[in-house]
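Here the sequence shown is numbered in my numbering, starting from 7 and rising by one per residue.
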Amino acid sequence: MKNLLTVLMIFSMLVSCTKDNEAISEKTITDSSALSKTDSLQNPSLETPDSAALFLINPQDISAGKARSVFSKDGLTLFYFDQNTNSGNIRIDGNDYALTSYDFNENNYTLSGKEVKIEASNGDFNDQSGDCMEGTFPDVKVTLKDKTINLSNIKLKDCPDY
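Below, the structure written as structure tokens:
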């Protein structure tokens, strides 16, 4: 009887100590905000976290200069326009789109080209320092063909040529 009781106690301890096995399912990450830091260093791009990744704006290696307006976020140039050459560029999903039209009216900028339009509105400008003025746009709308994304807190450095 003692042996039977010992066997039952050992059996009950083994049953109570086993782990529940969970089914492991494979999850595919489709949101670029879930990329690791090294992923973003290998292929830097910016997108609005609210959008369903309609398109990505790829940073460019362009800095501010005389007659150039440079729009950036987190220190990365998103798009620019050079008033002397009357041209600019935005890189979307790895493709360059030329900007051929530039309009500045009060605190608003409109840049456009074939298939792309950029509207930066309600800019908050600092006092002009040197030859350049700097400001922040709380809302920037980028439209490519029939798709639109909204960017927030875009910095501008505009250095007129006069």
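Where a beta carbon is used, it is the ideal one built from N, C-alpha and C, also for glycine.
- The beta strand (DSSP E) runs of length 3 or more contained entirely in the region 126-150 are, from start to end of the chain, 139-143 and 145-150.
- The beta-carbon separation of Asp-130 and Thr-142, rounded to 5 Å, stays under the 8 Å limit for a contact.
- For the options Ile-63, Ser-75, Phe-61 and Leu-60, the alpha carbon positioned closest to that of Lys-161 is the one of Ser-75.
- For Asn-113, no beta strand (DSSP E) encloses it, and the DSSP letter there is neither H nor E.
- Judged by DSSP in its simplified three-state form, Ile-68 adopts coil rather than helix or strand.
- Close CB contacts of Tyr-115 within its chain, under the 6 Å cut and outside five residues either way in sequence, are with Ala-126 (chain order).
- Of the residues Val-146, Lys-79, Pro-166 and Thr-91, the one whose Cα lies closest to the Cα of Cys-138 is Pro-166.
- Gly-100 sits in coil when the DSSP states are folded into three classes, being neither helix nor strand.
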